[in-house]
Structures are given as C-alpha cells and as structure tokens.
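Peer 1: Let me begin by handing over the structure; questions about it come next.
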Amino acid sequence: MLPLALAAALCTPAGAAGKKVDLDYLVRFLPESDQAEVSLTLERGDALRRLRFNLGDKGYYSDFQADGEWSLEEEGRYGTWLPGEGKRTLRYRVRVSHLRESGSYDARMTDKWALMRGDDLVPSAQVDEVPGIELVARLQFELPKGWKSVETGWPRIGKNRFRIDNPTRVFDRPTGWILAGELGTRRARLGETDVTVAAPVGEGVRRMDILTLLTFVWPEAQAVFPRDPAKLLVVAAGDPMWRGGLSGPNSLFMHAARPLVSENGTSSLVHELVHVFSGIRDTDRSDWITEGLAEYYAIELLRRAGGMTEGRYQQVRKSLAKWSRKVTSLRTERSTGPVTARAVLLLQELDREIRQRSDKRYSLDDVARALMRLDKVSTKDFVTLSESLIGGPSKVLNTPLLR
C-alpha cells in the first residue's frame, strides 16, 4: 500500500461533462506583414460571459474587431470581451516573429514557413463562464499559396484542422508548437502516441535521427511517466532560431544544430521529452525540481535503455560535479546550468536513499509519478513526498542546498 501522503497526491477529482458549445479558431498567415489573422467564434456567446485576455506589453496584438463589447485596459496590456447572446466572433492580428536580445528568434515567419507557439496566437484569458458549459474547440488554418501543410500537437480532424481539448481548462486554447509551410515530416506510432517530427524543407534537420532516438527511449519514458498523449509533435529549424530546446503541451522544439546526445552524456531532446511527459510545474523558488528531474531522466532514460555504460555514467557524474562545484543553493526562480547539474547529483543520491531505506519497494520514479498529479510543486512538497516513501527524515534532503 502507498504511504498516505503519496496516495493523496495521486488522487484526482473526476470531472462532470456539461452542455457542449462550439468554439472555432481560424488562423490565416500573412507572410508579407509578418502577422497572423486570428478569429475566435463562439456558437453561443453567452456561454462565456466575460474573457479578459493578457495581451502583454510588447504590442504583438492589434486590429481588434468584436461582436459584443470590446475594451483595452492598462495601456493595452489587457483586453476584455463581453460576447453577448447569439453567435459571436472576435478577430485580431498578431505579430508572429519574436526576436530575442541575442539576435535569435523563438518564433519566426518567412515567405515559406512559420514556426511559433499557439500560446502566442491566442493569449491566455481569465474567463467568467456559465456553469455546466463545456467548450468543443477546433482549430482551422488557411495557408498562403505554396504552403503545403501545417502541424500541431493536437489530433488532426481534417485538412489543416485540429481538435483542441484540455480537460484541465475551461477555455481551450491551441497551446504548444505550430509549424506551417513547406515541410518535411517523419511519423511513427510509439506506444499509444502518434509521433510527428517536422521541419521546414532545407533547414538541415535530421528527422530520422530524432525519431530513432525517441523510439529507443520511449519504453523507458513510459515506464516512469504513465502518460500516453494522443500526439507528440517535434519541430526543428536552424539559425537564426534560438539554439536550444523548449517544450510545450504535446510538443517540443529543438534547434537543428543541437546534438541528440551531447559530449557530457545528456540529451536536450530527452530532457524536453521528460517535460512533455511529466508536465511537472514548480512554485516557491523550486525550479530546481522541474529542471533537475528533466536532466536527471535525460541521463537515466538513456542509461536504462542501454545507451550508456557504467563507466560513461560515472564520467557524467564527474562532469556534473565539476560544473556545479560552486553552487551553494538550489532555491531559485529560474535554474541555471550549474544549479541544474547540482540538482541532478542530489536526485541521484536521493534515488539511492529511497531504494535502500524502502528495501527497494520505491525509487525516485515513484516521487516523479506523484508530482505529476500536483498542480504545482514546492520544495516542501517534494521533501514531504520523498520522506513518505523513505518512512522518515531524509539525510540527503537535509541539506543547506534546499534552504
């Protein structure tokens, strides 16, 4: 039987289905102006009494047209829509390309393709909904001439059309990575998940290499994180896109130049895959948990799949120790490379402690699975869950690193 604290973390309330109301998104890409034209159409406007959108302070959104009432507040940082009764539509334009201070892009549109997150196409909103309403959200794209296809992390239900369904949210947005244009794709069925690896043509992306590594580690990832997304989209592109990896709902981005396995023995691809599978989010200066677990399993899943010898594993540990030798605390809002490296070492030590003190009944895997059930996790939550498996105070977690 699971310890009480762990069993409580695994409990999730059952949701009740309500009256279904259609919510249709339509996206038209406009490469000549580096914009997308977006419309949201509610079958019944009074199903959502009020939506207050967080538009940010960068001026990405413009040209609003709305049925019902629309107003901008706080110098354009927020927009409020009161749809009213009947079929109602909100239209606007959004700038697609996002240039970082480093000179690279984390979203970009050219005359041949567009790569961005749906989170930016449809900003987050505080919603005042009518009780008992369940939105049925669909996303449709109209592509420019010559653009062949579009990929998202959501199930396809027609030509350039997708079903958006997030049971944890009232307002279903098309979050996650989106790639449209002249694309090359590779597909596979891994477990219960349809996996698509897509990149713009001519970007030098090794799609089959990515798919092969995913196939290699997939059984080990599923064993730790019992979650089978209907679909996983991996998108990639070269310079001037940001030279890193970044996960989103049912999707992740990798720069074309990133090695699948780096010289220090870790894998950015597997790291981001862990983020997608686990869905763990942190709070209270505990980013070390989210990033530390992702990097821990980026190493551990490769090791369990047979991709790392014991000698190589010990070399990885030495490299992590050297990189993190100056770290005195893991508590931070945003984990740096050295902090993440030190977190991995702590998690490796904790896994050994849990196995030894529970007579091998439990491991860090059980902690990770419990964390998946929490909305957000703090350092205190992490310690409580770990010690419930150990059956007493943890020597490993009794450290100034966590204070």
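Residue numbers (this note's numbering): 14 to 416.
Glycine residues also receive a C-beta, built at the ideal position from the N, C-alpha and C atoms.
Between the C-alpha atoms of ARG182 and GLU195, what's the straight-line distance to the nearest angstrom?
Peer 2: Reading the sequence shown from its first residue, position 169 is the one you call residue 182. Reading the sequence shown from its first residue, position 182 is the one you call residue 195. Their backbone Cα atoms lie some 33 Å apart in a straight line.
Peer 1: Is it buried or exposed, LYS408, if we count other Cβ atoms within 10 angstroms and call 16 or more buried?
Peer 2: Here residue 408 is taken as the residue at index 395 of the sequence shown, counted from 1. Per the 10 Å Cβ criterion, exposed.
Peer 1: Anyone know if the C-beta pair for PRO187 and LEU134 falls short of 8 Å?
Peer 2: Within the sequence shown, numbered from 1, the residue matching residue 187 stands at position 174. Within the sequence shown, numbered from 1, the residue matching residue 134 stands at position 121. Yes, these two residues count as a Cβ contact at 8 Å.
Peer 1: By the three-class DSSP mapping on this structure, what secondary structure does GLY204 have?
Peer 2: Mapped onto the sequence shown, residue 204 falls at position 191. The answer is coil: DSSP assigns GLY204 none of H, G, I, E or B.
Peer 1: According to the neighbour-count rule (16 or more other Cβ atoms, all chains shown, within 10 Å of its Cβ), is PRO96 buried or exposed?
Peer 2: Position 83 of the sequence shown, counting from 1, holds the residue named residue 96. That one is buried.
Peer 1: Using C-beta distances below 6 Å, list every residue in its chain close to PRO144, excluding the 5 sequence neighbours before and after it, in chain order.
Peer 2: Position 131 of the sequence shown holds residue 144. None.
Peer 1: Just the Cα atoms here: how many angstroms apart are TYR326 and GLY278?
Peer 2: One-based indexing of the sequence shown puts residue 326 at position 313. One-based indexing of the sequence shown puts residue 278 at position 265. The straight-line gap from Cα to Cα measures roughly 8 Å.
Peer 1: Does the region 305-322 come close enough to the region 345-362 to have 3 or more Cβ pairs within less than 8 Å?
Peer 2: These segments touch.
Peer 1: Let me know the secondary structure DSSP gives SER281 once reduced to three states.
Peer 2: Within the sequence shown, numbered from 1, the residue matching residue 281 stands at position 268. If DSSP states are grouped into helix, strand and coil, SER281 belongs with the helices.
Peer 1: So which of TYR91, VAL230, ARG62 has the shortest CA-CA distance to LEU286?
Peer 2: The sequence position of residue 286 within the sequence shown is 273, counting from 1. Considering only alpha carbons, the answer is VAL230.
Peer 1: Below 8 Å, how does it come out for the region 265-275 and the region 247-257: are there three or more Cβ pairs, yes or no?
Peer 2: yes
Peer 1: Give the C-beta separation of GLU346 and ASP300 to the nearest angstrom, bearing in mind that I take them to be a contact with Cβ-Cβ under 8 Å.
Peer 2: Start at 1 with the first residue of the sequence shown, and residue 346 comes out as number 333. Start at 1 with the first residue of the sequence shown, and residue 300 comes out as number 287. At roughly 6 Å, the Cβ-Cβ gap stays under 8 Å, so GLU346 and ASP300 are in contact.
Peer 1: Do TRP190 and ARG130 come within 8 Å of each other at the CB atom, strictly closer than that value?
Peer 2: Against the sequence shown, residue 130 aligns to sequence position 117. Against the sequence shown, residue 190 aligns to sequence position 177. Yes, they are a contact pair.
Peer 1: Could you spell out the range, first to last residue, of the beta strand (DSSP E) harbouring TYR118?
Peer 2: For this step, residue 118 is matched to residue 105 along the sequence shown. 118-122 is the span of the beta strand (DSSP E), which, as asked, contains TYR118.
Peer 1: Spatial neighbours of ILE177 within its chain, please: C-beta separation below 6 Å, excluding the five flanking residues on both sides.
Peer 2: Counted from its first residue, the sequence shown places residue 177 at position 164. Hits under 6 Å: ALA150, LEU152, TRP167, ASP185, PRO187.
Peer 1: Quick one: is VAL1 buried, meaning 16 or more other Cβ sit within 10 Å of its Cβ, or exposed?
Peer 2: As displayed, the chain neither begins before 14 nor continues past 416, which places residue 1 out of reach and without an answer.
Peer 1: May I have the straight-line CA-CA distance separating ALA250 from GLY405, to the nearest angstrom?
Peer 2: Numbered from 1 along the sequence shown, position 237 holds the residue referred to as residue 250. Numbered from 1 along the sequence shown, position 392 holds the residue referred to as residue 405. So the two alpha carbons sit approximately 48 Å from each other.
Peer 1: Going by DSSP in three states, ASP364 sits in which element: helix, strand or coil?
Peer 2: The residue you call residue 364 lines up with position 351 of the sequence shown. In this structure, ASP364 counts as helix in the three-state DSSP scheme.
Peer 1: Using the DSSP secondary-structure output, state which residues sit across from GLU142 in a beta bridge.
Peer 2: Start at 1 with the first residue of the sequence shown, and residue 142 comes out as number 129. DSSP, once it has assigned bridges, lists LEU61 as partnering GLU142.
Peer 1: Specify the secondary structure class of PHE417 as computed by DSSP and reduced to three states.
Peer 2: Examination of residue 417 is not possible in this model, given that the chain is present from 14 through 416 alone.
Peer 1: Keeping to the same chain, check which residues put their C-beta closer than 8 Å to that of VAL329; ignore five residues upstream and five downstream.
Peer 2: Start at 1 with the first residue of the sequence shown, and residue 329 comes out as number 316. Correct list, in chain order: ASN277, GLY278, THR279, ILE312, MET321.
Peer 1: Compute the Euclidean distance between the alpha carbons of SER117 and VAL352, then round it to the nearest angstrom.
Peer 2: In the sequence shown, the residue the question calls residue 117 occupies position 104. In the sequence shown, the residue the question calls residue 352 occupies position 339. Whole-angstrom Cα-Cα distance: 25 Å.
Peer 1: Taking 8 Å as the limit between beta carbons, can you name the residues of its chain near TRP160, skipping five residues before and five after?
Peer 2: On the sequence shown, position 147 is the one that residue 160 refers to. Once the five neighbours on either side are set aside, the close Cβ partners of TRP160 are PHE42, LYS125, TRP126, ALA193, GLY194, GLU195.
Peer 1: Considering only DSSP beta bridges, list what HIS268 is partnered with.
Peer 2: Counting from 1 along the sequence shown, the entry for residue 268 is found at position 255. Note: HIS268 sits in a beta bridge opposite ALA250.
Peer 1: THR296 to GLU82, Cα distance in whole Å?
Peer 2: Along the sequence shown, read from residue 1 onward, the residue named residue 296 stands at position 283. Along the sequence shown, read from residue 1 onward, the residue named residue 82 stands at position 69. Going by the C-alpha atoms only, they are around 36 Å apart.
Peer 1: Name the residue from ASP394, GLU142, VAL274 whose alpha carbon lies nearest to the alpha carbon of LEU61.
Peer 2: Residue numbering aside, residue 61 sits at position 48 when the sequence shown is read from its first letter. Checking every option, the nearest Cα to that of LEU61 belongs to GLU142.
Peer 1: Nearest by alpha-carbon distance to GLN48: which of ASN67, ARG199, ASP76, GLY217 is it?
Peer 2: Counting from one through the sequence shown, the residue named residue 48 turns up at place 35. Comparing Cα positions, the closest option is ASP76.
Peer 1: Give me the Cα-Cα distance between ALA354 and LEU315, rounded to the nearest whole angstrom.
Peer 2: In the sequence shown, residue 354 corresponds to position 341, counting from 1. In the sequence shown, residue 315 corresponds to position 302, counting from 1. Spanning the two alpha carbons is a distance of roughly 17 Å.
Peer 1: Is GLY89 helix, strand or coil by DSSP?
Peer 2: Position 76 of the sequence shown holds residue 89. It is coil, neither helix nor strand.
Peer 1: Where does VAL289 sit, in a helix, a strand or coil, going by DSSP?
Peer 2: As a first step, residue 289 must be located in the sequence shown, where it is residue number 276. The answer is helix: DSSP assigns VAL289 an H, G or I state.
Peer 1: Quick one: what's got a C-beta closer than 6 Å to SER260's C-beta in the same chain, skipping five residues either side?
Peer 2: The residue you call residue 260 lines up with position 247 of the sequence shown. Within the same chain, SER260 has close Cβ partners GLU285, HIS288, VAL289.
Peer 1: Taking the continuous alpha helix (DSSP H) assigned at SER421, which residues delimit it?
Peer 2: Absent from the structure is residue 421, since the part of the chain shown begins at 14 and ends at 416.
Peer 1: Return helix, strand or coil for PRO239, following the three-state DSSP convention.
Peer 2: Walking along the sequence shown from the start, residue 239 turns up at place 226. DSSP places PRO239 in coil when its eight states are reduced to three.
Peer 1: When you compare only the Cα positions, how much space is there between GLY319 and VAL274?
Peer 2: For the purposes of this step, residue 319 is taken as residue 306 along the sequence shown, with counting starting at 1. For the purposes of this step, residue 274 is taken as residue 261 along the sequence shown, with counting starting at 1. Going by the C-alpha atoms only, they are around 14 Å apart.
Peer 1: Would you mind giving the Cβ-Cβ distance between GLY324 and TRP336, rounded to the nearest angstrom? I have them listed as a contact below 8 Å.
Peer 2: Walking along the sequence shown from the start, residue 324 turns up at place 311. Walking along the sequence shown from the start, residue 336 turns up at place 323. Contact flag wrong, Cβ pair sits at about 19 Å.
Peer 1: Can you pull the DSSP bridge partners for VAL34?
Peer 2: Working through the sequence shown from its first residue, we reach residue 34 at position 21. Answer by DSSP bridge pairing, in chain order: LEU148.
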